[in-house]
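These notes concern the structure reproduced below.
Protein chains in written order, with our numbering: chain Y, 21 to 455; chain X, 21 to 455.
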């Protein structure tokens, strides 16, 4: 019996209500769990990590402004009061829609409703070897790794005798001019110009060169052109050189090759960060294959207006792993979309349990924002858009508001206050082995 | 020239004053650097990490109470105002006393005075394979690893179907009843009884068994017997079973074998932490060999009353790597000893530069303390000793006082306040791969 003893892990008895299994504790899954917990259902939330990660602030961990635990709330803490929610730290290896169960590492769980909210993963568009030289920012470990690389670059420059190599250590390249790329580039600019000022004896961190490469014609391509322009101006003031309309054709240990309309250029930079793209997690593709659902080029699974997949009204796909169309346009892979979809699924399930039908999902776009640095941000609320100090304060406020735990809010606010007044970032520690 | 270009890294010109090289940015080295920076000398502080670590609170990182960056201050921040101090992130591979230089990874540095303050490392007394199963607590990485193991144990128990295996996941063993062992055992007791209460659905974390093994006749053997007794009572109230007079004879993946005067017992515990001993860092032994200095069984280098080594008045050895006798007794490897020795070396160097002689080093013992948990601690100030809430408050106050940066003090105080009122520890995130 030893080998089989883990195989079947029977969930709570039937009389506890329909069994809802949620895979993924990100913005979509966590919000679904919270709102479903009010219904007479038995919920199991499965995640391979024991915390909910507030990804919008991950770049601040990567740049030494915050600690990992400041933006990571243990799932058991967030859901502690919900008696009908069981949290399992486990990985779903595949979904078996025919038998209505999910396979975990060493057990399987049956569901009456399944919510797939497994998010996205880094994507190098067929150039996986680049990941060694140009890490991307998706997990806590990615963030501490990138933090270590950025900080080590300055340390290596201080130790280096060859002026050419020293320059290469002080050259940083960010691939991708979306919000993550812009925020990272801005933060590195601040580190070089403010944080590390006067802290070295042989180098001037302010002489660092920071490149931001974007394939489109402007940074923040998803925002209105005037905000892109504002963001670009702020970046330039922080010493960031934005190169738009360029494609990265090669990355190796120490250089990035870029191609623009008329030329090819190799830039010798020892620190490169990839912020150019993600794709839906592989579980979505496995599910799509099993049920013959449509998948887009980013691996997202096409969903019906109620967020379930065709022919399987009991399976919902939400968040970054979901391909959801509204008024002929695909919804972007952002937190607000995932959160609203999480709430919506609980409405659909509630209606079904009561024998009714919920209205189709409609995303209410509340706007977008990105911060570039100290008192520099851009905010687009649809009916109004603005940049500068007020945009920055709005950004601060909204991000604090959406942080999951009260403790995090206070700790993050305090560290931002320290950072504002001292120009310092104190979580600047290099941990783990690099490269 | 390529292969040779790193070889010689010439320090600042001679007219900047005598060159003092400090190896290690712990309590000894950092305090030496701070007080020496007031003298007309040129200081180079070399550390293989980019931060000063406040080791007395490391167990709180290992038990999810604090984040690594809360107790790690970047060396460049601490020493930013000191114009005559250069910080280098590098590792000293050996000391060449004859040529008065230290060899780094890719360069060498000359010194007029050398201060060796490289501290201690984990020691398994010839049983190095045990380190795989029973990690010890010395670095930030050790702490996050142990944190991951403790938290994963509860997660694994929640997932486990076999009641026997589940019990093994809920059994914790700490080897070594000194301050670190006592503090760890107490914190695990609090996690099981308070922090995780009601956060699991299939296990009762409060049913965990926590063992503390000590070879001597009582826990905290360096403290007076009545305080050991108080500590033991507090531990028992937290559910910790202290077994004194026992020797660990074997550790493997899943069990610890202990031997007492009359019996041998194998305890099936899936989480084991080693807190039984350290030895001086290997650089001390290399130095001792090079200059034929005496070394004790823990690898510490015997120093003269002025903390220099015999025949080499220009080389000082301080902190955990130093074997220093006072009134016929060896000074312990504690922070206060290292700090006072750091200050003293700067006095000795000052006196030498002025053509005088400093009085011999005298350690002023200000007492010892250990905390067991919420409102539970023991304090021994020599002239008075006490336990309970007041001891706990004293412990809190002293530790906050000695934290290096102002920012850390506020953040740590705040997190302790949260922890006190909510019974929660929020930095409970599992990071990196385990085992």
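Cβ coordinates follow ideal geometry from the N, Cα and C atoms, glycine included. Predicted, not measured: the structure shown is a model, and the values here were computed from it.
- So, does the CB of residue 434/Y fall closer than 9 Å to a CB anywhere in chain X? yes
- Query: First and last residue of the alpha helix (DSSP H) that includes residue 359/X?
  - Reply: Taken as a continuous stretch (DSSP letters only), the alpha helix (DSSP H) holding residue 359/X covers 355 to 373.
- For residue 358/Y, which option in 323/Y, 46/Y and 376/Y has the closest C-alpha, if you only look at C-alpha atoms? 46/Y
- Proximal chain Y residues relative to residue 385/X, where beta-carbon distance stays under 7 Å: Residues of chain Y passing the Cβ test: none, with the nearest at roughly 32 Å.
- From the beta carbon of residue 76/X, is the nearest beta carbon of chain Y less than 9 Å away? no
- Item | Start and end residues, beta strand (DSSP E) containing residue 258/X | Careful: residue 258/X lies outside any beta strand (DSSP E) and carries neither H nor E.
- Message: Tell me which residues share the same chain as residue 431/X and place their Cβ nearer than 8 Å to its Cβ, disregarding the 5 neighbours each side in the sequence.
- Response: 90
- Task: Quick one: which unbroken alpha helix (DSSP H) runs of 4-plus residues sit fully inside the stretch 235 to 302 of chain X? Chain order, please.
- Result: 245 to 257
- Taking a Cβ distance cut-off of 9 Å, strictly less, list which residues of the stretch 112 to 135 of chain Y are near chain X, in chain order. 124, 125, 126 and 127
- Message: Closest to residue 184/Y by C-alpha separation, out of 228/Y, 207/Y and 211/Y, would be which residue?
- Response: 228/Y
- Chain-ordered residues of the stretch 31 to 58 of chain X with a beta carbon less than 7 Å from chain Y: none
- Own chain partners of residue 288/Y with C-beta closer than 7 Å, once the 5 adjacent residues on each side are dropped: Closer than 7 Å at the Cβ level, and outside the excluded window around residue 288/Y, lie 188, 191, 274 and 275.
- residue 275/Y: contacting residues in chain X (beta-carbon distance under 8 Å): Simply none; closest approach about 18 Å.
- Query: With distances taken from CA atoms, which of 204/X, 222/X and 284/X is nearest residue 240/X?
  - Reply: 204/X
- Can you name the residues of chain Y whose CB is closer than 7 Å to the CB of residue 447/X? 89
- Message: Which residues does DSSP list as the beta-bridge partners of residue 72/X?
- Response: DSSP output for residue 72/X lists 93/X as bridge partner(s).
- Which first and last residues belong to the beta strand (DSSP E) in which residue 444/Y is found? Residue 444/Y -> no beta strand (DSSP E), and no H or E assigned at all.
- Query: Got a sec, what are the start and stop residues for the beta strand (DSSP E) residue 332/X sits in?
  - Reply: 332 to 337
- Query: With respect to the alpha helix (DSSP H) encompassing residue 153/X, which residues constitute its N-terminal and C-terminal limits?
  - Reply: 150 to 153
- Message: With H, G and I counted as helix, E and B as strand and the rest as coil, what does DSSP make of residue 452/X?
- Response: coil
- So, is the C-beta of residue 25/X closer than 9 Å to a C-beta in chain Y? With a pLDDT of only 38 at residue 25/X, under 50, the local geometry of the prediction cannot be trusted, and no value is derived from it.
- Task: In angstroms with no decimal places, state the Cα-to-Cα distance between residue 178/X and residue 268/X.
- Result: 29 Å
- Task: May I have the straight-line CA-CA distance separating residue 243/Y from residue 235/Y, to the nearest angstrom?
- Result: 15 Å
- Query: Of all the CB atoms in chain Y, is at least one closer than 9 Å to the CB of residue 450/X?
  - Reply: yes
- Message: Quick check on residue 103/X: does DSSP put it in helix, strand or coil?
- Response: coil
- Query: Based on Cα-Cα distance, which residue from 371/X, 103/X, 88/X and 115/X lies nearest to residue 308/X?
  - Reply: 115/X
- Task: For the beta strand (DSSP E) containing residue 314/X, list its first residue and its last residue.
- Result: Counting along the chain, residue 314/X falls outside any beta strand (DSSP E), and DSSP gives it neither H nor E.
- Can you grab the Cα-Cα spacing for the pair residue 354/Y / residue 117/Y, in whole Å? 27 Å
- Item | Nearest-angstrom beta carbon gap, residue 156/X and residue 147/X [assumed within contact, 8 Å] | Contact flag wrong, Cβ pair sits at about 12 Å.
- Message: My output table needs one value for residue 162/Y: the three-state DSSP class, helix, strand or coil.
- Response: helix
- Message: Taking CB distances under 9 Å as the criterion, tell me whether residue 228/Y reaches chain C.
- Response: Although the question refers to chain C, the structure presented lacks it and instead comprises the protein chains Y and X.
- Message: Rounded to whole angstroms, what is the Cα-Cα separation between residue 284/Y and residue 270/Y?
- Response: 11 Å
- Span of the beta strand (DSSP E) holding residue 404/X? It is not in any beta strand (DSSP E) - residue 404/X carries neither H nor E in the DSSP assignment.
- Item | Proximity winner among 216/X, 374/X and 388/X, relative to residue 225/X (alpha-carbon distances) | Answer by Cα proximity: 216/X.
- Query: Are the CB atoms of residue 265/Y and residue 245/Y nearer to each other than 9 Å?
  - Reply: no
- Query: Which residues in the same chain have their Cβ closer than 7 Å to the Cβ of residue 93/X, if we skip the five residues on either side of it in sequence?
  - Reply: 71, 72, 424, 425 and 428
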